[in-house]
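Heads up, the thing below is written out as structure tokens.
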Amino acid sequence: MTDSPSGSAPPYQPPPPPPPLSENLRSVLSLVIFIHLFCVGCVLASNARRSALQGRLVSIFGIYTKTFNFDPDFTPYHLTRGVASDDSAIVVYLYKDYLADPTKTPANVQMRLPDRGSNWLGERRRYFSLGSLVHSYSQPDNEQEDITAGIAKAVATGLMHEHQCRKAVVEIVTRMSQPLDPALLMPGFPPDNPTAAPYDIRGYSAEVWIDDDGNVTATKRTATGENAPRAEAG
Amino acid sequence: MLMSPKTTVEESSWTEVAADSWNRFWFTPASAEPLSKLRIAAGVAALLYFLSLQQDLLRWFGASGLLPSDVILPIVGESTSSFNYHAWWPLHRFGSPAELMTVQVLALISAVCLTAGVFSRISAGAALFFVLCYVHRAPMIMGLVEPALSFVLFYLAIGPSGDFYSVDAWRRARNPEAPPPGLSYAAGIAIRLLQVHVAAFYLMMGLSKLMGEVWWDGTAVWSLIAQTQSRPINLSGLRNYPFILNFWTHAIVYFELALPVLIWNRWFRPLLLVISIPIWLSLIPLTGHLPFCLLMLSLGLVYLAPEPSAAGTAARAS
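Below is the structure:
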């Protein structure tokens, strides 16, 4: 081991501060920072509800805030509103024959989504988000049939391809939560089993099938007895 | 319009003070050490996020999966604009297993590189790109972590987050001619942007909760516990301790509302950062949002940045 030429290590020199920014650069950066934070502030301030003004501003900034996902866009950061529809599962009954009558024919395959994944990493929560979306858009005060039918058709088609089936019934099943005080439970809801069948409320339901020409058709089931595929409109 | 000289002097001094405060806040050089610590946490969160997509990659994003692009794009199209923000992202064109696995592997590599600090700015930008790819492919199934992860990665790509605790720093240390990491304007701006954005994010979360009655009557935590399908563990034994449930609920809301205001006070800052540890750790078993809670907990690091140093202030003043 050899010593340094001076006989001891040079004293530590802290790095020099960077040269100052020019006035022009500071002005430009200030403007950019202000615009960025204004956009971010607008989208964050309108996550829970959105006024007409906020909606207009958000749509103007959208190309920036949505592209970089700065806009949570109604992401449920409230975690819960205490309503039963927080957990909406998607139940799918699959049939090999597209002419099968679901009221008379047992399903070849029955799936309840999520059927796999962990509750720690959000894998199962993606299915609940999709189920809640369909549930929300199937409510009479917020009904958007093109969205619910589109998602039902997509989910059913994907699973029909996965299981070589031609017909599916898609249902959104919302599991009601128990109240804090079990005395408030209605009759028929067992207090000691919060996953019992009475807690599962069937909501939106649709039939989807693939005909001989490969066309995929979806019809919403408006009543329990309405099961058979209807002729395609038009 | 005529103004008295006194008024002009007062306005001038007020604007000067405001401009000086603005410049001192945003343009004081800072050490990138807090950013480097946050980089590791964000890298782990990104890694967990990408891994959580692995099992259902084909089912969610495959061409014959549950949400094919031709169905998703009309649904997520903006009704108020002809421009669809989601349409041009590459996952709308990639649907085969090989293509999706390639994207997923690249995403995982970017997250590993970010955690280890390999080409930190580039890997932060790459991880952000892959997060956005998944977000724009199927926005309706995204959760709490994606918006937070997006802005964190965005700011990490601005600041020199690889200056410390990284392979980049190790490589630089081996080069005797490379200068040690010093103070940086980019680090200062990135830290300040993170501080402001995180504070606004907390305010948004707190105000969102105020819309729900359960967050007022103290039963929100029970509502989360009672969700039998999505809860990660069964905590329903706490039903017999309503005061604990009430306290837990109120603590979450009060903390989220207090942080954006009090975090700027140097006396309250350490207290809030200490409180954030049990709050976020307790939310993990309650909600199961593991990557989100870990990321939010680690975001407290950006408030641990030292006050502007004398050297930094001198550089700015000169």
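These protein sequence lines are chains A and B, in that order. Take the first sequence: its letters are residues 245 to 478, numbered as in my numbering. Take the second sequence: its letters are residues 1308 to 1625, numbered as in my numbering. All residues carry an ideal CB built from backbone N, CA and C; glycine is no exception.
Three-state secondary structure (DSSP) of residue i
| i | result |
| --- | --- |
| Asp1377/B | helix |
| Tyr1392/B | coil |
| Ala412/A | strand |
| Val353/A | strand |
| Lys310/A | coil |
| Arg482/A | Any question about residue 482/A goes unanswered here, given that chain A covers just 245 to 478. |
| Trp453/A | strand |
| Ala1445/B | coil |
| Ile395/A | helix |
| Met1310/B | Only weak support exists for where Met1310/B lies, its pLDDT of 45 falling under 50; the value from the coordinates is given anyway. Three-state DSSP puts Met1310/B in coil, outside helix and strand. |
| Ser382/A | coil |
| Thr418/A | strand |
| Thr347/A | coil |
| Leu377/A | helix |
| Val335/A | strand |
| Ser1583/B | helix |
| Thr1387/B | Note that Thr1387/B has pLDDT 45, beneath the 50 cutoff, so the model's placement of it is unreliable and the number below is only indicative. Coil at Thr1387/B, not helix or strand. |
| Val460/A | strand |
Classification of residue i by the beta-carbon crowding that lies within 10 angstroms, buried from 16 upward
| i | result |
| --- | --- |
| Pro263/A | exposed |
| Ala1431/B | buried |
| Lys348/A | exposed |
| Met1511/B | buried |
| Ile416/A | buried |
| Glu367/A | buried |
| Ile1551/B | exposed |
| Asp390/A | exposed |
| Val1452/B | buried |
| Gln1534/B | buried |
| Ala1527/B | buried |
| Phe1334/B | buried |
| Ala456/A | Sequence inspection shows Asp at residue 456/A; the Ala mentioned does not correspond to that position. Exposed: under 16 other Cβ atoms inside 10 Å. |
| Leu343/A | exposed |
| Ser295/A | exposed |
| Thr1409/B | exposed |
| Gln1361/B | exposed |
Beta-carbon gap between residue i and residue j smaller than 9 Å
| i | j | result |
| --- | --- | --- |
| Gln322/A | Trp1522/B | The amino acid occupying residue 322/A in the given sequence is His; Gln does not appear at that position. Yes, these two residues count as a Cβ contact at 9 Å. |
| Phe1260/B | Phe372/A | With chain B covering only 1308 through 1625, there is no way to say anything about residue 1260/B. |
| Ala1507/B | Gly306/A | no |
| Leu338/A | Met355/A | yes |
| Ser1583/B | Leu1602/B | no |
| Leu1564/B | Tyr1509/B | yes |
| Ser1468/B | Ala1339/B | yes |
| Leu1413/B | Leu1463/B | no |
| Pro1539/B | Ser362/A | yes |
| Leu1341/B | Val1581/B | Position check: residue 1341/B holds Pro in this sequence, whereas Leu was assumed. Going by C-beta atoms, Pro1341/B is not nearer than 9 Å to Val1581/B. |
Spatial distance of residue i from residue j (CA atoms)
| i | j | result |
| --- | --- | --- |
| Thr1387/B | Gly1495/B | Confidence is the limiting factor: at Thr1387/B the pLDDT is only 45, short of 50, which leaves the residue's position unreliable and the question unanswerable from this model. |
| His1393/B | Leu288/A | 20 Å |
| Gly1372/B | Pro1397/B | 16 Å |
| Lys397/A | Leu1611/B | 50 Å |
| Thr461/A | Leu269/A | 59 Å |
| Glu451/A | Val1438/B | 34 Å |
| Cys283/A | Trp1367/B | 31 Å |
| Pro260/A | Asn291/A | 44 Å |
| Val1374/B | Ser376/A | Residue identity check: residue 1374/B is Leu in the sequence provided, not Val. Approximately 15 Å between the Cα atoms of the pair. |
| Pro358/A | Ile1448/B | 12 Å |
| Glu406/A | Asn352/A | 13 Å |
| Arg369/A | Gly1595/B | 9 Å |
| Pro1488/B | Gly1544/B | 52 Å |
Next item on the list: Spell out a yes or no on whether the stretch 420-436 of chain A and the stretch 379-389 of chain A are touching, meaning 3 or more CB-CB pairs, one atom from each, closer than 8 Å.
Entry: The stretch 420-436 of chain A, when compared against the stretch 379-389 of chain A, does not touch it at the 8 Å Cβ threshold.
Next item on the list: Tell me, please, whether the stretch 405-424 of chain A touches the stretch 437-444 of chain A by the rule of three or more beta-carbon pairs shorter than 8 Å.
Entry: With the cut-off at 8 Å, the stretch 405-424 of chain A and the stretch 437-444 of chain A touch.
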